[in-house]
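Some notes on the structure that comes next.
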Amino acid sequence: MARIVPPVGNHKANIALVGEAPGKEEELRLKPFVGPAGNILDRALRAAGISRDACYITNVVKVRPPNNDFKSFNMQDLEYWKNALRDELNRIQPNVIVALGERALNALTGMSGVLKYRGSILYSTLCEGLKVVCAEHPAFLLPNRNPSDFHLLVFDLQRAKEESLSKDFPTLPREMLTNPSYEEVLHHLDLALERPDCILDVETDRKQKALLCIGLSYKDGHAICIPLGPSCKVWTEQEELEIWRRLQKVLTCERIGKIGQNIGFDMTILYRYVGEIYPVSFDTMLAHSLLHIEDPHSLAHLTSIYTKYPYYKSDKENLWEYNCIDCIVTRAVYKEMSKEIDEHDMGRVFYGYTMPLFKILWRMERFGCRIDTNKKELSAVEVKKEIEELKKAINKEVGFELNVNSPKQMQHFLYEYLMLPVKRNRKTRRVTADENAINELAVSHPNPVFDKVLELRGKIKDLSTYIDAKVDKDGRMRTAYSMTGADKEDNRLPVTGRLASRKGIYGSGMDLQNIPTRHRSMFLPDDGMILVEADLSQAENRVVAYLAGDEKQIDIFERGGDFHSIMATWLGKDRKVAKSIVHGTNYGMKKRLLSQITGLSQGEAEDVRLKYFKTCPKIAHWQLGIQSKLKADRTLVTPLGRRRVFFGMLGDEMFRRAYAYIPQSTVADWLNINLVALYYRLKGKCDVLLQVHDSVLLQCNPDVLDDVINAICELMQRPFKIHGRMCSIPVEVKIGKNWCDMETFNETTVERDLVR
DNA sequence: TGCAACGGCGCC
DNA sequence: AAAGGGCGCCGTTGCA
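According to the working numbering, the first sequence is numbered sequentially starting from 14.
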């Protein structure tokens, strides 16, 4: 028998909280929000400075749904409860209603998509004249769901508190010029020329990235959308030419800071029309990734946090209007964010490092690297042939067509056809036929086909990923760097401070941070130039030694000894094993995997691991310190000031991520800081081609090689502080005629090279 | 045909 | 009981 859970709270409340339906605990105690979700709500209310007694708390449906499944209510039931809710809220007349979760949002406003609308201030369609603030349902924030969104609930409740002062809606200026005449365009571009900054946002089609229109906002609450691009029929040829000319004047005017959300995209689109846009003073996405690295950096999210404009990204049917709103909102976001940067004293980092690095990376993306296209085509032919032969051999050996790239077919082949013992992925615990599994099977159940399978997979990877990568028409390979992960893949956000490298928006180019050495011979310097690679040597190990404050390790590094050889003698193993043990153990690896990567037995591996901790006890201390820091506030800060909050379950998995985080991001930041410094020091003397996490690839004229290498050594090896102690990371400089055959620099190699 | 999820694998 | 982390791209598969 369904029991009705009545609302609770103050009938004169200015804030009404509306959930979906009672749960088990609520039904038992006949009160809304008293179970686990209720606890979360209470915590969030406290954090937002709202007293529960000052709220009226209710649910859309007052009875617990069978199996807690809201969908089991039919339309009639829902209508009944919605009517009851309308009467209820109209009696209370709160200044603001908080819709907690999808069902409440839907009942109160008719909208759907709570993750999009959270933070938005909306008109209630259920109770006319009343104002709704949308928030995620507390049950959605339980530890096993999405605990990292808790702060968003707090934020939305704070917003509700502000809005509870009156029934009025916030005023949101939106002066939009969506279909301007030619004269209006010129007039507004003239006005823009008088202003110190200008928001820029272009719209393109999704596939070709063909330009559709350009939006500008040179003052608050105002925007103009100028239709332009290959399919634009608005202007005469002459008008269009003049608009581009005036536009270029604004976009390249020294006095006008250009501002945008992920403005690198707009710069890339407009490059063919106006060249490089300059100066770019502020990117809201980059600023946000600096201030709140663990949050999403989409404009939709920024809008919900920094402005009171409601979510608008779902209606794109009027593109010009949409373009204008984007600009107006970006300006509002920009103003708030620039204040936040000043308040947090991040100006030096943001304007002096983040934005310059962004500019340099954008130029590197344009510049690209010359490719030996001949060689590339030849090896394509060769590898294709090898693939065909391997395929034939494998099919002949197994007696049927086997696609080694199909996990499904491979699992069937190994575990059903050959009836071998099933191997699982250690992390996911799922059945796998990956390289590791096959290698293990090859030991227990030798079969000549295994080697061929792995070889074939390798060749297919070589061909598809590296050899077939699309070179631009000018024979150059390009990449797009991401400092934030705005175009995130699989919903993962990069959080390390490392750059990501990927294909460009037009589909050419590739990730240039994972090229196997043997494929690097395709990468050439331009005519008359020489490649210079500067590598931070053993950077992560070094940083770990300083972070842990391990005197023994620091001593080896500072004396310039061969770290791994010395560790090898201490641990009583050969150099290679010692290297793996140290590296793996530093990052939380345990005996099983250590034994796998070293070839030792698990018992031996464990012995060496413990011996390493005994030899360098500070390493274990360091790890324990990280653990307690995470337990205390889930936050780690690197020596270079990068901060990261860790969400999710406290445990070894998080600890391992945390061990890796600080050295990884410290090295990345240190390299990038030096990339900026090098760029300005060597301006005109060299071209920066690539950044690969702990190394940079440059090209320069051989006559300035000395200058270049001196600058590299001077800048990159300068000491910086880790835990109050100065640490210097040596640089290994290599030079070469292609990126594969690089020789460590010393005087004789230069001379030999110059003679050639 | 396009898309998302997944398995697999390249480098630092 | 056992467990490095961080990225992006390709091919397959299943679904719309």
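Glycine included, C-beta positions come from ideal geometry on N, C-alpha and C.
**Q.** First through last residue of the alpha helix (DSSP H) which encompasses His-164
**A.** 163-176
Q. Considering only residues of the same chain and omitting the five flanking positions on each side of Ala-690, which have a CB-CB separation below 8 Å?
A. Around Ala-690, the same chain offers Leu-728 as residues with beta carbons nearer than 8 Å, after the five sequence neighbours per side are excluded.
Q. Out of curiosity, what's the CA-to-CA distance linking Phe-168 and Pro-323?
A. 15 Å
Q) Is Cys-340 helix, strand or coil when you go by DSSP? A) In the three-state reduction of the DSSP assignment, Cys-340 falls in the helix class.
(Q) Does Tyr-93 pass the burial test, meaning 16 or more other C-beta atoms within 10 Å, or should it be called exposed? (A) exposed
Q) Taking the continuous alpha helix (DSSP H) assigned at His-577, which residues delimit it? A) 576-584
Q) How is the beta strand (DSSP E) around Val-215 delimited, first residue to last? A) 210-217
Q. Since Met-189 sits in a beta bridge, which residues does DSSP pair it with?
A. Ala-236
Q. Which parts of the region 92-125 are runs of the beta strand (DSSP E), unbroken and 3 residues or longer, counting only runs that do not cross its ends?
A. 109-113
Q. DSSP on Glu-307, reduced to helix/strand/coil?
A. coil
Q) What residues in its chain sit with their C-beta under 7 Å from that of Leu-166, if we drop five residues either side in the sequence? A) Ala-57, Ala-148, Glu-149, Pro-151 and Leu-154
Q | Bridge partners - Met-755, DSSP secondary structure assignment | A | Bridge pairing for Met-755: Gly-749 [DSSP].
Q) Between Lys-624 and Ile-639, what straight-line distance do the alpha-carbon atoms span, to the nearest angstrom? A) 21 Å
Q. Between Leu-139 and the rest of its own chain, which residues show a CB-CB distance below 7 Å, the 5 nearest in sequence each way excluded?
A. Counting only Cβ-Cβ distances below 7 Å, and skipping sequence neighbours, we find Lys-95, Leu-98, Arg-99, Ala-120 and Leu-121.
Q: With a floor of 4 residues, list each alpha helix (DSSP H) that falls wholly inside the region 260-309, ordered by position along the chain.
A: 276-287 and 297-304
Q: Mind checking who Phe-536 pairs with in its DSSP beta bridge?
A: Ile-384
Q | Contacting residues, own chain, Cβ-Cβ under 7 Å from Lys-501 (five flanking each side not counted) | A | In this predicted model, Lys-501 has a pLDDT of only 47, less than 50, meaning its place in the structure is not dependable; the value taken from the coordinates is given anyway. Same-chain partners within the cutoff: there are none.
Q) Identify the residues that DSSP records as bridge partners of Arg-622: which are they? A) Partner(s): none; Arg-622 has no beta bridge.
Q: Determine the burial state of Met-580: buried for a count of at least 16 other Cβ atoms within 10 Å of its Cβ, exposed for fewer.
A: buried
Q: Return the chain-ordered list of same chain residues with a C-beta closer than 8 Å to the C-beta of Cys-218, the five sequence neighbours on each side being excluded.
A: A quick correction: the sequence has Asp, not Cys, at residue 218. Correct list, in chain order: Leu-225.
Q: Please report the residue range of the alpha helix (DSSP H) in which Asn-554 lies.
A: 552-561
Q: Give the DSSP bridge partners of Asn-72, in chain order.
A: Gly-32
Q: Measure the beta-carbon distance from Met-755 to Glu-619 and round it to whole angstroms, keeping in mind my assumption that it falls under 8 Å.
A: The beta-carbon separation of Met-755 and Glu-619, rounded to 38 Å, does not stay under the 8 Å limit for a contact.
Q: Could you pull the start and end residues of the alpha helix (DSSP H) that Lys-486 belongs to?
A: Run containing Lys-486: none; DSSP gives neither H nor E here.
(Q) Tell me which residue opens and which closes the beta strand (DSSP E) that Ile-134 is part of. (A) 134-136
Q) Taking the alpha carbon of Leu-303 as the point to measure from, which residue in Ala-393, Lys-436 and Met-496 has its own alpha carbon closest? A) Met-496
Q) When DSSP labels each residue in this structure, what does Cys-699 get in the three-state scheme? A) strand
Q: Return helix, strand or coil for Val-247, following the three-state DSSP convention.
A: coil
Q. Skipping 5 residues on each side, what residues in its chain have a beta carbon closer than 8 Å to that of Ala-455?
A. Phe-463 and Asp-464
Q: Check whether the Cβ atoms of Tyr-69 and Ile-105 sit closer than 7 Å, and answer yes or no.
A: yes
Q.
Would Glu-448 and Leu-427 qualify as a contact pair, given that the criterion is a beta-carbon distance under 7 Å?
A. Not closer than 7 Å, so no.
Q: Could you tell me which of Ile-237, Cys-211, Lys-589 and Arg-268 sits nearest to Ile-276, measuring between CA atoms?
A: Of the listed residues, the one whose Cα sits closest to Ile-276 is Cys-211.
Q: Please state if the CB of Val-557 and the CB of Asn-599 are separated by a distance shorter than 7 Å.
A: Val-557 sits close to Asn-599, with the two beta carbons spaced by under 7 Å.
(Q) Quick check: the Cα distance between Pro-630 and Phe-278, rounded to an integer number of angstroms? (A) For the pair Pro-630 and Phe-278, the Cα-to-Cα distance works out to about 48 Å.
Q.
Counting beta carbon pairs with one atom in the region 644-662 and one in the region 486-496, are three or more of them shorter than 8 Å?
A. no
Q. What runs of the beta strand (DSSP E), each 3 residues or longer, lie entirely inside the region 375-436?
A. 382-384
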